[in-house]
Amino acid sequence: MEKLDEILTRLDNSETPIDKLAEDVKLGARLIKGLEGDPED
Numbered sequence: 001m002e003k004l005d006e007i008l009t010r011l012d013n014s015e016t017p018i019d020k021l022a023e024d025v026k027l028g029a030r031l032i033k034g035l036e037g038d039p040e041d
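If you want it as structure tokens, here you go:
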């Protein structure tokens, strides 16, 4: 969950480079899919 918070912070920052945002979106999607598979998290 901490990693998702870091990603959301970067997404909110208008100074984050677009290529980093693209990487974060991909990573965030993978993390969310992982959370969906484990309802106890």
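Numbering-wise (the UniProt record's numbering), the sequence shown opens with residue 1 and increments by one.
All C-beta atoms in this analysis are idealised placements derived from N, C-alpha and C, irrespective of residue type, glycine included.
Remember, predicted model here, so these are calculated numbers, not experimental data.
In this structure, the alpha-carbon of L4 lies about 10 Å from that of R30. Rounded to whole angstroms, the separation of the alpha carbons of G28 and D19 is 14 Å.
For the pair S14 and L21, the Cα-to-Cα distance works out to about 10 Å.
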